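**Q** Residues 3 to 646, numbered by the numbering used here, are exactly what the sequence shown covers, in order.
Ideal placement from N, C-alpha and C gives every residue a C-beta, glycine not left out.
Nothing here was measured: the structure is a model prediction, and the numbers come from that model.
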Amino acid sequence: MTVVLVITVAVVLAGFAVIVRRLLDLRFGLVRTVLAGALTLAVGGPLMQTFASGMDPDEPGITPLWFLFLAMFCALLAGMVFLVVAEALVPPGSFPGPLESARRLRRRAVRTRRYLAITRILVRHGLGPYLRGRDPDLGAPSSRARLARSLRQALDDGGVTFVKLGQILSTRSDLLAPEFVEELRLLQDKVATAPWAEVEPVLAAELGGPVAGTFAEFEREPLAAASIAQVYRARLVAGGEVVVKVQRPGIATVVDQDLDIVARLARTLERRTRWGRAFGVTELARGFAEALREELDFRVETANMAAVAAASAGEPVRVPAPYPELSGRRVLVMERLDGVPFGGVVPEGTDREELARTLFETLLRQIMLHGVFHADPHPGNIMLLADGRLALLDFGSVGRLDASLRGALQRLLVALDRGDPLGVGDALLEVVARPDEIDERELERELGRFMARHLVAGVAPDVQMFGRLFRIIAAHGLSVPPEVAAVFRALATVEGTLARLSPGFDVVAEARAFSVRHIAEQATPERVREAAVQEALGLLPMLRRLPRRVERIASAAEHGRFGVNVRLFADERDRRHVTGLLHQVLLTVLAATTGIMAVLLLGTAGGPPVTPEVGLFQLLGYNLLVVSAVLGLRVLVVIFRSSR
């Protein structure tokens, strides 16, 4: 009996869900649908008893059945009213469902454990007092050096996410004192190594077999240990010296937890601070998370290496060739280059300025001409080869620009070289996402002051320049697209690298020289003739059709048949929007009309009696009142949901 009752209730609830979905034309959550169905069942029984008490069961005709249907419709109306009120007071998503609640509790427990682990790391390295609001002692150089060392050790122990954060901070000399910058730079190549016993299973799993099956020799001591992976020297069974990059075991889970913490912190800052909203820290955190997740997939890096190598063919800076057939999500096998990682130590007799110029020009060519560039050229990702050339490493972060953005950046460089604030402003508005309202004159004045301060003869550029430019962009409500932000980050990073490679290297002068050379290359007679031919070929079909079209227009105007045909609502989206509005207006009118008719019928005396207490007019009025309520609820539920 109990099983039959449960099945009956389930069938009734399923029928209720289908009817409500058809009447209101919306889907509702399982919990509120079940609650509304239970309310319908609870109200339906007493209503049927009440309606049945005023009728004679032996009365002929369909009158008893009519009252039964009316009771059912009223009960259904009660459930629909509950759904609409719940939609207004408790919108979908206000409270998580049971499964989502369980997932949230599990994630919160994991996140809490991670919070406690990070707190223990900070306390262990002497940073606990700063968590309680103590101001850091930055007066003496020794105090700054001690605090910087503690911060670097804490970031190192915190894991890959915080190591990457420290690497980014090490390029921001405009924000941090020199002691912090120098200490955080050690995170580039001085990260604690993972033991071979933990690394070997990762390597074997990605290779699909034992290490000895692929490599004739494999050194178990890593050449370098980075924040995401460790690099080993090996020799293939088929011959060839290679370098094998193996992802640190178990970092993916920790990175997800840390990125969740970073995202929550960014949302809090953007909600509670004005500078957080100005800089869009939530979007920046999202970009950082996407870039870091891409770095965890070495298949992306393999494709990036191939793209940069193809775009940089003929450039003096080397890019190692990958072995895609041996690489996977957590392992990357690449060509081994003969050299040492660049750490600021350059052999005697090396032309430092020429190396710096070569590196900077290669990056500019990747950005301006090819549209595929290394987005993280810090010293740990640069190698000094035995033949005196430079090589780029670690392509987990690669930027890409389309032709329009490259053209806008080229115009920005040319305008900067001419000292033209108007041209700089126009090019900048092409590069960044332009808001609806902007004071262009004030932006031009700000850019003019910026150029007068940083881009005049006799003034050496410094890292403050990039920070100042970003502040101008943020102050005028301009939003920097992620691909353009990668360009600025790469330029700011390479500026710190160039300062170590060749102190005093003039980045602005070299950028101006590059723009002049590039313009000269584009302005040669051969290039101009080629560009003119390409444009002419593109215009030729239109020019061939132009005389016939002009003749048709002139003939139509001469004979009085000239007209303009404009199609309203040609876009399907516009038609759907207008149709939806008309449907809402029509439903509203129908609801109001049936409601007025119901009130008039209920107030009309006389008419054929249906029961001793109820006449035909009253019965019709009650039914029309139910129809009016259903139509009104359908309009209201759409309004409540569409407003979000």
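Could you tell me the boundaries of the alpha helix (DSSP H) in which Gly427 lies?
**A** Where Gly427 is concerned, the enclosing alpha helix (DSSP H) stretches over 423-433.
**Q** In chain order, what residues of the same chain lie with their CB nearer than 6 Å to the CB of Arg338, ignoring the 5 residues before and after it?
**A** Only Glu243, Val244, Val245 meet the Cβ criterion.
**Q** Is it right to say Asp16 is buried, meaning 16 or more other beta carbons lie within 10 angstroms of its own, or is it exposed?
**A** According to the sequence provided, residue 16 is Ala. The question's Asp does not apply to it. Classification for Ala16: exposed.
**Q** Of the residues Arg34, Glu327, Ser517, which one's Cα is nearest the Cα of Gln412?
**A** The shortest C-alpha separation from Gln412 is found at Ser517.
**Q** In this structure, how does DSSP classify Tyr624 when only helix, strand and coil are distinguished?
**A** Looking at Tyr624 - three-state DSSP - the assignment turns out to be helix.
**Q** Flag this pair as yes or no: are the beta carbons of Val489 and Gly401 separated by less than 8 Å?
**A** Yes, the Cβ-Cβ distance between Val489 and Gly401 is below 8 Å.
**Q** Distance, Cα to Cα, Gly427 vs Gly479?
**A** Distance between the alpha carbons of Gly427 and Gly479: 14 Å.
**Q** Select from Thr304, Ala501, Ala311 the residue whose C-alpha is nearest the C-alpha of Ser329.
**A** Of the listed residues, the one whose Cα sits closest to Ser329 is Thr304.
**Q** Gln232: buried (16+ other C-beta within 10 angstroms of its C-beta) or exposed?
**A** When all chains shown are included, Gln232 counts as buried.
**Q** Note down the Cα distance separating Glu444 from Ala534, rounded to an integer number of angstroms.
**A** Between Glu444 and Ala534, the C-alpha separation is close to 38 Å.
**Q** With 16 as the cutoff for other CB atoms within 10 Å, does Pro505 come out buried or exposed?
**A** Its Cβ having fewer than 16 others within 10 Å, Pro505 is exposed.
**Q** So the candidates are Glu202, Ala196, Leu209; which of them puts its Cα closest to the Cα of Ala227?
**A** The candidate whose alpha carbon is nearest that of Ala227 is Ala196.
**Q** Could you tell me which of Thr216, Leu366, Asp396 sits nearest to Arg408, measuring between CA atoms?
**A** When only C-alpha atoms are compared, the closest one is Leu366.
**Q** Tell me, please, which residues DSSP counts as bridged to Pro324.
**A** Paired residue(s): Met336.
**Q** Flag this pair as yes or no: are the beta carbons of Pro381 and Phe344 separated by less than 8 Å?
**A** Yes, they are a contact pair.
**Q** Can you tell me the Cα-Cα spacing of Val649 and Thr595, whole angstroms?
**A** A question about residue 649 goes unanswered here, because the residues of the chain that appear run from 3 up to 646.
**Q** Opposite Val246 in the DSSP bridges: which residues?
**A** DSSP, once it has assigned bridges, lists Tyr234, Val335 as partnering Val246.
**Q** Who are the Cβ neighbours of Gly425 in its own chain at under 6 Å, not counting the five residues just before and after it?
**A** The answer, listed in chain order, is Ala417.
**Q** Could you tell me which whole alpha helix (DSSP H) segments of length 4 or greater appear in the segment 340-402?
**A** Runs found: 354-367.
**Q** Hey, quick one: how far does the alpha helix (DSSP H) through Phe490 stretch, first residue to last?
**A** Phe490 -> alpha helix (DSSP H) spans 484-503.
**Q** Check this for me: beta carbons of Glu202 and Arg331, under 8 Å apart or not?
**A** No, they are not a contact pair.
**Q** When the Cα atoms are used, what is the spatial distance from Gly135 to Ala487?
**A** Note that Gly135 scores 48 on pLDDT, short of 50, meaning its location in the model is unreliable; the coordinates nonetheless yield the value given after this. Computed Cα separation, rounded: 32 Å.
**Q** For Phe18, name the three-state secondary structure that DSSP assigns.
**A** In this structure, Phe18 counts as helix in the three-state DSSP scheme.
**Q** Within the same chain, show all residues whose beta-carbon is closer than 8 Å to that of Ala19, passing over the 5 residues directly before and after it, in chain order.
**A** Only Phe30, Thr35, Gly39 meet the Cβ criterion.
**Q** Alpha carbon to alpha carbon, what distance is there between Ile230 and Arg250?
**A** About 6 Å.
**Q** Does Leu189 pass the burial test, meaning 16 or more other C-beta atoms within 10 Å, or should it be called exposed?
**A** When all chains shown are included, Leu189 counts as buried.
**Q** Check each candidate in Glu485, Met50, Ser144, Leu583 and name the one with the smallest Cα separation from Pro180.
**A** Per the Cα distances, Ser144.
**Q** Counting Cβ pairs closer than 8 Å, one from the segment 386-397 and one from the segment 536-554, do we hit at least three?
**A** Because the criterion of three Cβ pairs below 8 Å is not met, the segment 386-397 and the segment 536-554 do not touch.
**Q** Which whole-angstrom value describes the C-beta separation of Val45 and Ala80, a residue pair presumed to lie in contact below a C-beta threshold of 8 Å?
**A** Rounded, the Cβ-Cβ distance is 5 Å, consistent with contact.
**Q** Return the first residue and the last residue of the beta strand (DSSP E) that Phe220 is part of.
**A** Counting along the chain, the beta strand (DSSP E) containing Phe220 begins and ends at 217-220.
**Q** In angstroms with no decimal places, state the Cα-to-Cα distance between Val434 and Val321.
**A** Roughly 30 Å between the two C-alpha positions.
**Q** Roughly how many angstroms lie between the CA atoms of Ala104 and Gly47, to the nearest whole one?
**A** About 36 Å.
**Q** Run through the DSSP bridge pairs and tell me what Pro582 is partnered with.
**A** The sequence shown places Gly at residue 582, not Pro. Paired residues: none, contrary to the question.
**Q** Less than 8 Å between the C-beta atoms of Ala405 and Ala429, yes or no?
**A** No.
**Q** Going by alpha carbons, who is nearest to Phe397 out of Arg455, Asp441, Glu296?
**A** Here the closest residue by C-alpha is Glu296.
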